[in-house]
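Engineer: If you want the numbering used here, it's the position in the sequence shown, counting the first as 1, plus 600.
Just so it is clear, CB atoms sit at the ideal spot from N, CA and C, and this is done for glycine as well.
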Amino acid sequence: MSQRPRAVKILEDVVSRDAVSPSLTNTKTKRAISRRSLLTLACSAVLLSACGFQLRGQQDYAFKRLAIVGGSPEMLGRLQRVVEGGSDTVVVKATEKPDAVLTLGGGTGMKTLSLNAQGVVQEYELDYNLTYSMVGADGTLLIPPSVISLNRALTYSDQYTLAKGIEAQTLYRDMQFDAVDQLTRRLAVVRSLHPAPNEALPGIAPRAPLPVPPL
601 MSQRPRAVKI LEDVVSRDAV SPSLTNTKTK RAISRRSLLT LACSAVLLSA
651 CGFQLRGQQD YAFKRLAIVG GSPEMLGRLQ RVVEGGSDTV VVKATEKPDA
701 VLTLGGGTGM KTLSLNAQGV VQEYELDYNL TYSMVGADGT LLIPPSVISL
751 NRALTYSDQY TLAKGIEAQT LYRDMQFDAV DQLTRRLAVV RSLHPAPNEA
801 LPGIAPRAPL PVPPL
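1. Can you tell me whether Asn798 is buried or exposed, with buried defined as 16 or more other CB within 10 angstroms of its CB?
2. My understanding is that Lys764 touches Leu754, with C-beta atoms under 8 Å, so please give their C-beta distance in whole angstroms.
3. In chain order, what are the residue ranges of uninterrupted alpha helix (DSSP H) at least 4 long that sit wholly in the stretch 760–787?
4. Which two residues bound the contiguous beta strand (DSSP E) that contains Thr744?
5. Please work out which residues of its chain come closer than 7 Å, Cβ to Cβ, to Pro698, disregarding the five sequence neighbours upstream and downstream, and give them in chain order.
6. Is it buried or exposed for Met710, if we count other Cβ within 10 angstroms and need 16 for buried?
7. Would you kindly check if the distance between the Cβ of Leu742 and the Cβ of Pro795 is under 9 Å?
8. Quick one: give me the first and last residue of the beta strand (DSSP E) that Glu723 is part of.
9. Using a threshold of 9 Å, state whether the C-beta atoms of Ser733 and Leu702 are closer than that.
10. If distances are taken between C-alpha atoms only, which option among Ser746, Pro745, Asp758, Ala779 comes closest to Arg752?
11. Check Gly705 in the structure and name its three-state DSSP category.
12. Tell me which residues share the same chain as Ala768 and place their Cβ nearer than 7 Å to its Cβ, disregarding the 5 neighbours each side in the sequence.
13. On the three-state DSSP scale, how would you describe Leu676?
14. By the three-class DSSP mapping on this structure, what secondary structure does Arg681 have?
15. Over what stretch of residues does the beta strand (DSSP E) that includes Leu793 continue unbroken?
16. Beta-carbon within less than 8 Å of Thr784's beta-carbon, same chain only, minus the 5 sequence neighbours each way: which residues are those?
17. With DSSP as the reference, identify every bridge partner of Lys711, one or two as the case may be.
18. Using 9 Å as the threshold, is the C-beta distance between Tyr760 and Gln722 below it?
Take a look at the structure:
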């Protein structure tokens with residue numbers, strides 16, 4: 601037997617052995633990648649923690665038991681999910697010894713934003729306002745009466761009245777959820793249940809208002 605056929609035979613044997621257990625090779629590769637991924641994530645978490653970075657949605661509220669008064673059932677449901685899902689604070693009833701009580705209010709509005717050449721409304725501005733304040737269990741004012749104001753533009757046509765009504769409801773719901781997200785950030789600014797008398801509470805910048813339509 602010549603050297604060349606033997607070399608070919610050896611090569612075929614090697615390829616054959618590698619082809620016998622491709623799943624094993626894939627498993628080893630996946631395990632190696634998995635280990636590297638976990639190591640990378642762990643190192644990243646340590647570095648971010650050392651820098652004082654906090655993942656979005658994870659809050660450390662000064663109050664651990666929060667009661668909420670007012671607001672629609674839909675808003676209360678979302679606010680409770682956001683607070684409890686992103687922190688160790690739980691939402692309780694006002695009679696269950698809360699650390700703080702959050703009072704909500706607000707309303708909606710609509711006004712003409714633009715007209716067409718015939719003087720018919722072609723765009724509305726939808727407004728949503730969320731009022732809120734918070735006191736501690738001992739009556740200490742933690743957040744003074746404040747408001748979050750949002751708006752959205754809604755194009756309009758008499759031909760699609762029903763569809764536009766549904767769209768308006770969707771936009772109002774979007775503003776409500778946006779207001780809840782802003783409110784949870786506002787609550788995170790409260791660092792103590794017993795703030796100093798001269799301690800000011802920073803505000804949260806609201807979403808920019810709609811631009812003035814061209815004449």
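Structural biologist: On the basis of the coordinates in this document:
1. exposed
2. 7 Å
3. none
4. Looking at the sequence itself, residue 744 is Pro, so the reference to Thr does not match. First-last of the beta strand (DSSP E) with Pro744: 741–755.
5. Arg665, Leu666, Ala667, Val692, Ala737
6. exposed
7. yes
8. 721–736
9. yes
10. Ala779
11. strand
12. Leu726, Leu754
13. helix
14. helix
15. Per DSSP, Leu793 belongs to no beta strand (DSSP E) and is neither H nor E.
16. Gln659, Leu679, Val682, Val683, Gly686
17. Glu725
18. no
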